[in-house]
Structures are given as C-alpha cells and as structure tokens.
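The block underneath contains the structure these notes are about, expressed in structure tokens.
In the working numbering, the protein residues as written are 13 to 445.
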C-alpha cells in the first residue's frame, strides 16, 4: 500500500461480510459512488466498514461516562484503516416518516442548530429592526456613557394609568412613594422623574442606583433624556429589563429549541404547517391557452357539460361588468383577469364568484371520487406566501446568529464550505453559571 496521506482514506484487507480482503485508496473531499451487482459488497464497504470505523473512532474520543449513553459499534473486519474522519451515514433502509424530513433532521444535525439558536441567537424587532435584549442598570449606564459624555440627563420611568384610575389618583399614589416630579402628564400615561444628574464617571454609582430604582418602579421600563435647552428637545434613550422592544412597545417570548423546528407546532409556519409550500389552484392549468377568449373556452374546467352553467354565468356577468368575452386572455387588462379569477362576491348575493370560489366549493364535495380527480388536474404546489419556503414562523426567523446575522433558515441554506467558515468564526456567549 502507498504511504499514509491526510488526503486519502487508506483501507487494507477489508473482509467485512462478503468483502474478500480488498485494498482501497479513497480521496477525501470528493463525491464517490459505489456501484455493483447485488451482493457484491457495496453496503458492506460503505456502511459496515468505512462508516462503522469512522463512527467508532469518533465515539472513542468521548469520556467513558458519555460513551455509556451511545450505541457501540463493533470494529469492522479489516487489517487497517488510516486517514478516516468522523462520519455520518444515511442508511437506505431508513424510512422517511414525514415529507418534512431533510438530511439535517435525519442526521439530527438540526437538533444542534435548534439548541444553538435557543442559547446564542440575538433577537431583532419585527417593526424597527433593532436588537432586542434584556437591559440591566449596568448595561444601561454603559450604553448611555458612550453617547452622552458630560451631558446632564434625566432618568425617568413610565407609569401607565389604568382606566379605573384618574390622573390625580395615580399622582397621589406616586407621591406616597416619594415621586413628585413629572416630565410628561397624559390621561393614560405619566413620565416620572427619578433623578437629574450630570453624566460623569464620578457619578457612576449614583446613576446606576437611580437606574435600578427607576427600573423597579417602572416595572422593567427606563428612559434616559439628554437635556438640551428644553427638557424634551432630545428624544429619550429607552431601555427594558424584559425581552421587549422599548421603542416599539412589543414584547417577545423567550426562545426554546422547538421554536426553530419546522417539525414542531411551536415553530412551524401556520400557513404551510412546516412544509414550505402550499397546495392550491394553478391558474396556468386552469387557463392553459392564453390565446383563447372567455367565450372561446379560455377557462378550461368550465368547458364540459357538467359545468356549462358556470361558463354561462361567466359570460353573463362579464357582459354586465364590461369585460370583453371576445378578446384573447393575454389581451385582457390585469384587473379584468383578476376579476375572472377572484370574482367580486358570493354567488348567493348574485355576484360573480370567480374561479377561486368555484374550486373552494368543489373542495367541499371532495368526498366524491370524480371531484377529487378533477381537483387534482388543476392543483399545484407553490411556495408558501408567508414563510417563503423557510417553513418556520416569522418569530423564529427574527433570531439571528453571527456577524452576518443569519437566521436558522439562512444557516440551513449555506453551502457546506461556507457553513464550515461560519461555525469556525461564530462567537458564542459565555456559558450560564
């Protein structure tokens, strides 16, 4: 055999199952196909020798404690194997139990992605696009120190007045807690002043203590107003101790691994249910020939005796609407084509119902075999209009990782070389205590 090289897997004397002591030199980083007649040893080489040895050596790097929870693989019958990396195999005997399955779910790599995003991802607000994080008095001070310099500032917190309270009653309750000064007063909202202070390093302890008190009294909300010639000349810097965007006043829930799974009802897109596409009526099948006119049979399903009355309804309403029935479909205005497809109202109200309502009516009769056959002729899968094929709820896609700010769907779409670069460079937060 040739000398060992890290660019190859070198196999000597493979005798697993019906292999007859074969020697091989397989290049790494290449796509290879094993072919042969039934019983020639394809699976014995790929699964029972190469995969088994790569997986066995990988498991041996774990601690004895961890190995007790993993399936043990027997050493294959082979004289030696060199240069083999850790391996992943998708066995051809695995049954795919759902059409949602991917290589990532079958190899359980998606489980690692779900955990990564649940622990390390950054949330971005759906409305303003800014990062959403939990603030602390210390982090609030650090963020303000970068922009305020030596500016004097007001530290305030908002109080929302319940409908059952008057403004004077709310102010009276706040006065009992020692708060007498207000920056803004509205019927349902008070901006209470906690402290006025010069933003200087010598005042750090006072600033942080005032922020802590304001955040506690404001139920996790805190505002810092830089002071100009007028108290409200500058907008506030808003903070929140919750997973909440203080600028847009939108609350978000804590992430869990299942939020990033299209196999879970928590994370799956509600429109396509995690499949990434929906089945519906394909207008190109309904109107296959755009050179035909409405009177000449442009709408194909209505040209049979069974639905001749629908064709007559179309022509009757088209005449009333002023939609020409003797003009090719391609020459109709977009609004006129939309009218044919979407209609203008319900049939019961005497309106033209359109092709979509026609097919929705047929779906209520799909217990009949001939109706199911008819529907199948005009249906097609289309990209989900809500998730655009990501298969996840919008909430899951707002969590992003890395400098590129990639969502879990973006990571799944990465080519394998870019995926390696991404995971080598991604910065992870410190582990929780």
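Note that the Cβ used here is the ideal one computed from N, Cα and C, for glycine as well. Here the structure is a predicted model, which means the values were calculated and not measured.
query = Which partner residues of residue 257 appear in the DSSP bridge assignment?
reply = Residue 257 pairs with 262.
ask   = Nearest CA to the CA of residue 394: which residue from 353, 251, 292, 403?
value = Closest option to residue 394, judged by alpha-carbon separation, among 353, 251, 292, 403: 292.
task = Entirely within the segment 196–249 and at least 4 residues each: give me those alpha helix (DSSP H) ranges in chain order.
result = With a minimum length of 4 residues, the continuous alpha helix (DSSP H) runs that stay inside the segment 196–249 are 216–229.
Beta-carbon proximity of residue 451 to residue 132, cut-off 8 Å = Any answer about residue 451 is impossible in this case: the structure gives the chain only from 13 up to 445.
Inter-residue CB distance, residue 420 and residue 439 (contact presumed, cutoff 8 Å) = The distance from the Cβ of residue 420 to that of residue 439 is about 17 Å, inconsistent with a contact at the 8 Å cut-off.
inquiry  = Rounding to the nearest angstrom, what Cα-Cα distance links residue 191 and residue 262 in this structure?
reply    = C-alpha separation (whole angstroms): 27 Å.
message = Spatial neighbours of residue 33 within its chain, please: C-beta separation below 6 Å, excluding the five flanking residues on both sides.
response = Closer than 6 Å at the Cβ level, and outside the excluded window around residue 33, lie 25, 27.
request  = For residue 401, name the three-state secondary structure that DSSP assigns.
outcome  = Note: residue 401 maps to coil in three-state DSSP.
task = Have a look at residue 176 and residue 182 and give me their C-alpha separation to the nearest angstrom.
result = Using only the alpha carbons, I get a separation of about 10 Å.
ask   = In chain order, what residues of the same chain have a beta carbon less than 8 Å from the beta carbon of residue 112, not counting five sequence neighbours either side?
value = If you ignore the 5 residues before and after residue 112, its C-beta comes within less than 8 Å of the C-beta of 274, 275, 286, 287, 403, all in its own chain and listed in chain order.
query = How many Å lie between residue 441 and residue 144 at the Cα?
reply = One alpha carbon belongs to residue 441, the other to residue 144, and they sit about 16 Å apart.
request  = Give the DSSP-derived three-state secondary structure of residue 66 in the structure shown.
outcome  = In the structure shown, the three-state DSSP call for residue 66 is helix.
query = Skipping 5 residues on each side, what residues in its chain have a beta carbon closer than 7 Å to that of residue 300?
reply = Only 312 meet the Cβ criterion.
Segments of 4+ residues assigned as alpha helix (DSSP H) that fall wholly inside the segment 354–413 = Secondary structure within the segment 354–413: the alpha helix (DSSP H) runs of 4 or more consecutive residues, fully enclosed, are 366–375, 381–390, 406–409 (chain order).
Minimum C-alpha distance to residue 169 - residue among 157, 186, 180, 154 = The residue among 157, 186, 180, 154 with its C-alpha nearest the C-alpha of residue 169 is 186.
task = Could you name the residues that DSSP lists as bridge partners for residue 171?
result = Per DSSP, 202.
As assigned by DSSP and simplified to three states, the class of residue 117 = Residue state for residue 117 is assigned as helix, using DSSP reduced to three classes.
query = For residue 252, does the three-state DSSP call read helix, strand or coil?
reply = Looking at residue 252 - three-state DSSP - the assignment turns out to be strand.
task = Label residue 188 either buried or exposed according to how many other C-beta atoms from any shown protein chain fall within 10 Å of its C-beta, with 16 as the threshold for buried.
result = Per the 10 Å Cβ criterion, exposed.
Backbone CA spacing between residue 243 and residue 228 [nearest angstrom] = Confidence in residue 243 is poor, its pLDDT being 47 and thus under 50, which makes the residue's placement too unreliable to answer from.
request  = Indicate the three-state DSSP secondary structure (helix, strand or coil) for residue 30 in the structure shown.
outcome  = Of the three classes helix, strand and coil, the one that applies to residue 30 here is coil, per DSSP.
Option in 130, 431, 40, 429 with minimal Cα separation from residue 268 = Check the Cα spacing between residue 268 and each of 130, 431, 40, 429: the tightest is with 130.
task = Just confirm the distance between the C-beta atoms of residue 85 and residue 64, as a whole number of angstroms; I'd bet it's less than 8 Å.
result = 5 Å between Cβ atoms; contact.
key: Strand pairing of residue 292, partner residues [DSSP]   = Answer is 392.
task = Determine the contact status of residue 156 and residue 249, defining contact as a CB-CB distance below 8 Å.
result = Closer than 8 Å, so yes.
query = Straight-line CA distance for residue 48 to residue 31?
reply = A direct Cα-to-Cα measurement between residue 48 and residue 31 gives close to 12 Å.
ask   = How close, in whole Å, do the beta carbons of residue 259 and residue 140 come, if the pair is a contact with beta carbons under 8 Å?
value = That belief holds up - the Cβ atoms of residue 259 and residue 140 are roughly 6 Å apart, short of 8 Å.
message = In the DSSP assignment, the beta strand (DSSP E) including residue 93 goes from what residue to what residue?
response = Segment 92–94, the beta strand (DSSP E) holding residue 93.
Spatially closest choice to residue 310 from 340, 290, 351, by CA coordinates = Just measuring C-alpha positions, the residue of 340, 290, 351 sitting nearest residue 310 is 340.
ask   = What's the gap between the Cα of residue 167 and the Cα of residue 218?
value = Using only the alpha carbons, I get a separation of about 11 Å.
task = Using 10 angstroms around the beta-carbon of residue 60, count the other beta-carbons present and answer buried if the total reaches 16, otherwise exposed.
result = By the neighbour-count criterion, in which a residue is buried when 16 or more other Cβ atoms sit within 10 angstroms of its Cβ, residue 60 is buried.
message = Quick check on residue 297: does DSSP put it in helix, strand or coil?
response = Reduced to three states, the DSSP call for residue 297 is helix.
ask   = For residue 420, does the three-state DSSP call read helix, strand or coil?
value = Looking at residue 420 - three-state DSSP - the assignment turns out to be helix.
task = Within 10 angstroms of the Cβ of residue 431, are there 16 or more other Cβ atoms? Answer buried if so, exposed if not.
result = Label assigned to residue 431: exposed.
ask   = Between residue 172 and residue 120, what straight-line distance do the alpha-carbon atoms span, to the nearest angstrom?
value = Looking at the two C-alpha atoms, the distance is approximately 47 Å.
task = For the alpha helix (DSSP H) holding residue 134, just list the boundary residues, first then last.
result = That residue, residue 134, is in no alpha helix (DSSP H); its beta strand (DSSP E) goes 134–136.
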